[in-house]
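What follows is a short report on a single structure.
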Amino acid sequence: MNVKAFAQEAEAVTDEEIEKFAAMKDSVNHFMEVKQGELESMIKDNEVFDVARYNEIKEAWGDDTKLAEISITEEEKAEYTKIMDTKNSLSDVIKERMISLIKDDEILGAATYNKVNTAMKTDPEVKTKVNELIAEKASERTPEEEDAE
129 MNVKAFAQEA
139 EAVTDEEIEK
149 FAAMKDSVNH
159 FMEVKQGELE
169 SMIKDNEVFD
179 VARYNEIKEA
189 WGDDTKLAEI
199 SITEEEKAEY
209 TKIMDTKNSL
219 SDVIKERMIS
229 LIKDDEILGA
239 ATYNKVNTAM
249 KTDPEVKTKV
259 NELIAEKASE
269 RTPEEEDAE
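FYI, the numbering for the sequence shown is 129 to 277, going by our numbering.
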């Protein structure tokens with residue numbers, strides 16, 4: 129059996145499955161936006177240094193000579209490290225969130241995720257439909273939802 133024949137025999141993706149997949153992706157995207165906002169706030173609202181000083185430290189980070197030139201304090205080093213640790217953990221936190229949504233059969237379920245994800249790779253129409261639904265869901269969020277986690 130060739131690949132095309134196999135693809136034709138694959139079970140069609142339903143609108144409900146596409147809807148669930150798009151809802152999960154939108155939820156993950158929103159969660160990521162919230163976490164990015166929290167990280168930005170850690171930098172903007174920082175009591176140890178302002179944004180300009182943060183950028184100066186960021187430029188010098190990893191080069192002890194440059195750090196000495198900008199007279200970085202131990203407090204600034206600790207705060208910058210805390211921000212970098214948060215930033216570096218974001219992808220893991222977002223990945224964990226996505227996995228938990230995928231594994232939850234009431235939200236999506238692994239089988240549905242795999243089915244829609246595979247269909248998106250092989251059927252441009254499915255991919256377009258999913259992406260349009262994700263964009264639609266993002267544009268429909270209320271300001272309260274934008275502010276909530």
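Glycine included, every Cβ here is placed at the ideal spot set by N, Cα and C.
Burial state of residue i, where buried means 16 or more other Cβ atoms lie within 10 Å
| i | result |
| --- | --- |
| K163 | buried |
| D143 | exposed |
| V131 | Unreliable positioning characterises V131 in this predicted model, as indicated by a pLDDT of 44, which lies under 50. A coordinate reading is not provided. |
| T240 | buried |
| I247 | For clarity, residue 247 is Ala in the given sequence; the question names Ile instead. A247 comes out buried. |
| K148 | buried |
| F134 | Only weak support exists for where F134 lies, its pLDDT of 45 falling under 50; the value from the coordinates is given anyway. By the neighbour-count rule (16 or more Cβ atoms within 10 Å), F134 is not buried but exposed. |
Contact test: residue i Cβ vs the ligand ZN heavy atom, cutoff 6 angstroms
| i | result |
| --- | --- |
| F159 | Absence of the ligand ZN is noted for the structure shown, with no ligands found whatsoever. |
Assumed close pair residue i, residue j - CB separation to whole angstroms, cut-off 8 angstroms
| i | j | result |
| --- | --- | --- |
| K153 | I262 | 5 angstroms |
| F177 | I222 | So it is not a contact: roughly 26 angstroms between Cβ atoms. |
| E207 | N174 | 7 angstroms |
| D258 | A150 | A quick correction: the sequence has Val, not Asp, at residue 258. Contact holds; Cβ gap of about 5 angstroms. |
| V141 | K243 | 6 angstroms |
| L167 | K215 | 6 angstroms |
| I171 | Y182 | 5 angstroms |
DSSP state of residue i mapped onto helix, strand, coil
| i | result |
| --- | --- |
| A196 | helix |
| M160 | helix |
| R181 | helix |
| G165 | helix |
| E175 | coil |
| R269 | coil |
| T142 | coil |
| I222 | helix |
| T246 | helix |
C-alpha gap between residue i and residue j, whole angstroms
| i | j | result |
| --- | --- | --- |
| T256 | A180 | 41 angstroms |
| S267 | I185 | 36 angstroms |
| I230 | W189 | 37 angstroms |
| D191 | I200 | 12 angstroms |
| E234 | I146 | 14 angstroms |
| D213 | S219 | 11 angstroms |
| P252 | I211 | 40 angstroms |
| V254 | E264 | 15 angstroms |
| N157 | T270 | 15 angstroms |
| E187 | E161 | 25 angstroms |
| E260 | D232 | 23 angstroms |
| E224 | G165 | 18 angstroms |
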